[in-house]
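For the sequence shown, counting from 1, position 127 maps to 250 in my numbering; every step adds exactly one.
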Amino acid sequence: MTDNTETELAALVRYFRDCLLADGGERELEDAFSTGEASHHLVRSGPQDEAFAPVWLNWTEKRELLHAASMQRQERELQLGWRFICGMHPERGERRLRTPAFLASVQMSSTKGGYHAEPLPGSLRINPVALVALGLPRDYITEVDENDPRFGEFIGRLDALPELALKEHANRLPALRSPALRRVEARLLWLTQRSRVAASTAYELEALAASASFSPCLREILGHPQDTPAAPPSTTPDSIPTRLSAAQKQALINATAHTLSVVYGAPGTGKTYTIGGITADRVINGERVLIVCGNEHAADVVFTKLAEAFAYGDDSHLVVRAGQGEYRQRLLRDLDALLSTAQPASPNPPAIRSQETSGEVSPAVARARQMLAHSALAQQFLAGRFAEALALAHAGGEVLRDRRRSPIAALRRQLTRFKLRKSPPLSKHWTTFQNQASSHQASARRFLHLSTQTARDALLRSSRHKLAALSVALRSRNSGYRVDRMAAMDWATLTRAFPVWVASAQSLDRALPLENGLFDLVVIDEATQCNLALALPALQRARRAVIVGDPRQLRHFSFLARRRQEQFAAEHGVEGQGISLDYRDQSLIDYAMQALRSADAQVWLDEHFRSHPDLIEFNNRRFYEGRLKVLTGMRRLTNSLPRQVVECPLQLNDGVNQGEVDCVIEHLRQLIEQENDLPDEDASKVGVVAMFSALAQILQARIQAAFRLETLARHNLLVATPYGFQGEERDVILLATGVHAQLSRTARQYMERPDVFNVATTRARDRQIIFIGQGSAPQAQDGLLGAYLAFAPERPVPAQPFARGAGSTRDELIVALQEKGYRCWPDFALGGSIIDLLVVAGQSSLAIDLVGVAEPIGQPWACERYTLLERTGLNILPVAFHEWLWQPQEIIQRIEQVLGDHQASPADSRQSTTASLRWHFEKHGRNELSLLVEQMEQTRGTAESWLGRRFSTTEVTYQRYMHSIQELVDDTVRILDQLRLLLDESRALKLDSSLIDERAAQASNAVRRALQALDSLATRLALDEGWGPDAQSASLADLERLTDRLSQYQSASSR
């Protein structure tokens, strides 16, 4: 790499550093006179004064101010504020406001009249805290543009505040405790604290630019990739203990094959799950992984899921949650536990596979890896066998359905029957494959545990003294000593002992040194909300990087003026370097997508596992062009609708509809009361999404006052705006839109922003309750909210009851299942696939793949489709045409075994076989036989009914009669089933019609004999059931005795 390239990269790093420092979007400036704000110079002004007229200083003031600004340039910056808002914070009542409506960076100038501070050109911006104070969203408007109607509304609200006059020689603004806000016309020059994120990142960016040593990831994303990337390490997608889709496996491959790769997908598509898979794959292969999240809560979520993934044995200690709270104490505890582990004596300790060793592995790990490889090969072999069996069944079905009488066709049918009879049932092939897949997952978990444990053992043998030194450094009580010792630590050894680290971007500098390539892989999550400047230090720590996010969700927002951004670019001479310099509007994922050197380096996750289909379908079509495979379709089988709209009475107070707040509280109370009897683990997790921050703050206060903390914790209740819900999900979401008839057009425009709306409406798993003000529906019709409320997704329709004359194999199967009390859905859509037949019984469900039947449903599914549907939790049963043709009873029994939790009524169960026979006989024109079978079933039911009235079900006599009835019907059904098979194969076997007629007559006689016996039994039971002349004599005599006693009661009462 040439020196010129290094200089260009350093200039780009400094450019993004300056953009970050000048951006006010990283810090909430509520009180310009709070602790930490220093060197104030306050000047009175008027609303009509030119924005930021100069603040004049004498020579001493100028020298002291510039000296302080120079000494603290990383922690503080000179800033000008104009037109202040004072009073109590409208959303945080305990916080006082002394905040400027406008902010600007400062430059110092001198004239004959003295020194003065004036705003840098293009640096004037709107303070987001002032927006919130005036009841507007904090990202409502970011630039001063007098032609923008939003700017006009902001000024109008500011001018409407009562003015508070500033005393003539005042050097501070008053700290008002009144909830009524006041406007103070003043200009203020002072040294303000930079945000902790901006300050720490600025330190690291400056150190990075000065070092001129840039990681391959950082080079690539800044448009200067290495010409000869390192050879990719090995990857083993089939060796990790999680089942992955094809896209997720490709993400694992990309994480090793490319210096920079991207994983993006809609809400609920398994991005965090994919991060876990990538992490496990890299740890198995001896690499170190750093996962960086946008905030501490997101880091906690990722850490929890990774700890679960590494929960086999004590492998959860491999994951370090860095940078938060007492993380060093937790790390020290885990390190002490590692050092206290007893190590077996070994004269020749086994090597471990890592970046620092020769690539050898211990014998135990080698054996485990070999066994795992054999398990993977066995799984692939069984998948191939299953595919072959599906192909054979499909081809065999076509041959058996061919009724041509030619000798060649007959020979083909005979050979096919021979092959199919030798082949095991398709369900056995599928079950064998499933069992092998489960065994392989267990082997993968054991291998992960063994490989990491062996690596730690070898590390203890070779570097125990280094780990002990790390323990000493972590124990240092003096912060100065600890910082020095932490900086001098052997981080390569520490990250080998603990190969997975999770941190937020804000805490990265406190947790890990800025070391080039410290980690083999860095994963940055929620990259859409992260700007490039914040990501550069994380990328510097990476040899390779994976960027994860969704461009259609909430994006990072910036208050940096475009003109100021252009000035920075000119100062650092970075124009024309082949990289976008749009810090304001481009997020990290945008830069990553532009920097990819190959289209193969990006992966789109399209399988959605979170929301009810009716809740996600609108967003799928509107924001993702219908590309999502929604795998939650089984939830549509319930009768309840997942979305409810509540119109709330209009009770406006400071722009917030209190009627909507009351409705939300009441619905939340009802939901909680409905689940009072449920165990905590079964209680719904609930969220309240408020579209506006003022509404969110009121709801938070009301909910905390209305419910006990234990109740809120039980339901994991979260109340926040869409920004607070990014990355969150709940079973039930109460969506408080804040919409009412008097809502301003600009506020409505904010709510209708696609990224905001997309996040707000995709947080619910099962149910969503939407609150709008009464009379506001007409105003919402033209926007996203109106389209969302009007959207009516199609719902699946179950198969209608059996209709005579149906002629397909699927219809026949539906008939048999419906007669057993099962619900059936033909052509059920799930995850972009069409299920031939979905069978539901209670809480159990079964997808049936009909193979070899008539088109268009006879094509077998690919093995990948089976595994996809299995990942949804759906049971699957392949049924071949020849299996149903030859052994329908066994097919029914297999279905009953899978749906074993469902208990069909006896009346439904006994009709399953006879319903199938009737269908067959009608298909072959044997209507008389069909009628006889129906009469036999009806007479059987009558006999059993009278038997139950005559005897108790526990009596031996009752059980003896029932057993006899069952045997008679079973024998008759066997005769009929033989006739059914003969009718189905008559054309193929070229049987004489007279022989068929003879067998049909014999079967008819058998049914008549059974019918006569059952009718005789039912008649005898009915005649013996109390029809004799003395049947009512006892009851009549008893009633007469009671009538005589009535006169005695009357005489007693008269006395």
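Built from N, CA and C at the ideal position, the CB exists for glycine as well.
Quiz item: With distances taken between CB atoms, is the gap from L462 to L590 smaller than 7 Å?
Solution: L462 is a Cβ neighbour of L590, given a cutoff of 7 Å.
Self-check item: Per-residue burial, W948 [other beta carbons within 10 Å of its own, 16 or more giving buried]
Solution: Buried.
Quiz item: Which whole-angstrom value describes the C-beta separation of A883 and L818, a residue pair presumed to lie in contact below a C-beta threshold of 8 Å?
Solution: The Cβ separation is near 12 Å, so there is no contact.
Quiz prompt | alpha helix (DSSP H) runs contained entirely in the stretch 763-845, provided each spans 4 or more residues | solution = Assignment of alpha helix (DSSP H) within the stretch 763-845, counting only whole runs of 4 or more residues, yields 781-797, 816-829, 832-837 in chain order.
Quiz item: What separation, rounded to the nearest whole angstrom, lies between the Cα atoms of G1071 and Y1081?
Solution: G1071 and Y1081 have their C-alpha atoms spaced approximately 7 Å apart.
Exercise. Could you check what DSSP says for N408 in three-state terms: helix, strand or coil?
Key: Note: N408 maps to coil in three-state DSSP.
Quiz item: Nearest-angstrom Cα distance between D632 and L573?
Solution: When rounded, the distance between both Cα atoms is 33 Å.
Practice problem: Pull up the distance between the alpha-carbon of V676 and that of G749, whole angstroms please. | Solution: Note on identity: in this sequence residue 676 is Gln, with Val being the wrong assignment. G749 has its alpha-carbon roughly 16 Å from the corresponding atom of Q676.
Quiz item: Once you ignore the five residues that flank V879 on each side, which residues in its own chain have a CB closer than 6 Å to its CB?
Solution: Answer for V879: P845, listed in chain order.
Self-check item: Own chain residues within Cβ distance below 6 Å of D613, not counting five before or after
Solution: Within the same chain, D613 has close Cβ partners K589.
Quiz item: Does the Cβ-Cβ distance between G210 and L304 come in under 7 Å?
Solution: Contact: yes.
Practice problem: Give the secondary structure of T315 by DSSP, where H, G and I count as helix, E and B as strand, and everything else as coil. | Solution: Residue state for T315 is assigned as strand, using DSSP reduced to three classes.
Quiz prompt | Spatial neighbours of D950 in its chain, beta-carbon cut-off 8 Å, leaving aside the 5 residues before and after | solution = Excluding the 5 residues flanking it on each side, D950 has same chain C-beta neighbours closer than 8 Å at I957, I958, D959, I980, in chain order.
Quiz item: What residues in its chain sit with their C-beta under 8 Å from that of A155, if we drop five residues either side in the sequence?
Solution: H163, G204, F207, R221, T222, P223, L296, L311, W313, T315.
Self-check item: Inter-stretch contact at 8 Å, needing at least 3 Cβ pairs: the stretch 576-587 / the stretch 616-626
Solution: Touching, yes, given that three or more Cβ pairs across the two stretches are closer than 8 Å.
Self-check item: Short Cβ contact (7 Å threshold) for L1102 with A1126
Solution: For L1102 and A1126, yes; Cβs fall inside 7 Å.
Self-check item: Assigned exposure category for K542 - 16 Cβ within 10 Å defines buried
Solution: Per the 10 Å Cβ criterion, exposed.
Quiz item: In chain order, what residues of the same chain lie with their CB nearer than 8 Å to the CB of E291, ignoring the 5 residues before and after it?
Solution: Excluding positions up to five away in sequence, the list reads R167.
Practice problem: Look up S338 in the DSSP assignment and say whether it is helix, strand or coil. | Solution: In this structure, DSSP gives S338 a state outside helix and strand, which the three-state scheme calls coil.
Quiz item: What's the C-alpha gap between R707 and S681?
Solution: R707 and S681: Cα-Cα distance of roughly 5 Å.
Quiz item: With C-beta atoms as the reference, is T555 less than 7 Å away from L505?
Solution: For T555 and L505, yes; Cβs fall inside 7 Å.
Exercise. Report the three-state DSSP secondary structure of P244 (helix, strand or coil).
Key: Here P244 sits in coil by DSSP.
Exercise. Return the residue from the list R744, P251, L641 that minimises the CA-CA distance to P339.
Key: Of the candidates R744, P251, L641, the one whose C-alpha sits nearest the C-alpha of P339 is L641.
Quiz prompt | DSSP three-state assignment for C225, whether helix, strand or coil | solution = Note on identity: in this sequence residue 225 is Phe, with Cys being the wrong assignment. The answer is strand: DSSP assigns F225 an E or B state.
Exercise. In angstroms with no decimal places, state the Cα-to-Cα distance between F1074 and M1085.
Key: Going by the C-alpha atoms only, they are around 11 Å apart.
Quiz item: Below 8 Å, can you find three or more Cβ-Cβ pairs linking the stretch 792-809 to the stretch 838-857?
Solution: Yes, since at least three Cβ pairs between the stretch 792-809 and the stretch 838-857 fall closer than 8 Å, the two stretches touch.
Quiz item: Would DSSP call T427 helix, strand or coil?
Solution: Looking at T427 - three-state DSSP - the assignment turns out to be helix.
Self-check item: Cutoff 8 Å; reference A514; Cβ partners in own chain excluding five residues on either side
Solution: The answer, listed in chain order, is P983.
Quiz item: Can the beta-carbon of D268 be found closer than 7 Å to that of F691?
Solution: F691 sits away from D268, with the two beta carbons spaced by 7 Å or more.
Practice problem: Under the assumption that T995 contacts L754 (Cβ atoms under 8 Å), give the Cβ distance between them as a whole number of angstroms. | Solution: Indeed they touch by this definition, with Cβ atoms about 5 Å apart.
Exercise. Whole angstroms is fine: what's the gap from P674's alpha carbon to I702's?
Key: The straight-line gap separating the alpha-carbon atoms of P674 and I702 is approximately 19 Å.
Self-check item: Per-residue DSSP class, three states only, for F156
Solution: F156: coil per DSSP, three-state reduction.
Quiz prompt | For H239, the residue or residues it bridges with in DSSP | solution = Answer is W179, S232, bridged to H239.
Quiz prompt | C-alpha distance - T128 paired with H347, whole-angstrom precision | solution = Near 8 Å, if we compare the C-alpha coordinates of H347 and T128.
Practice problem: Output the boundary residues of the alpha helix (DSSP H) element that contains Y714. | Solution: In the DSSP assignment, Y714 falls within the unbroken alpha helix (DSSP H) covering 711-718.
Quiz prompt | Cα-Cα separation, Q709 to N654 | solution = In this structure, the straight-line span from the alpha carbon of Q709 to that of N654 is close to 7 Å.
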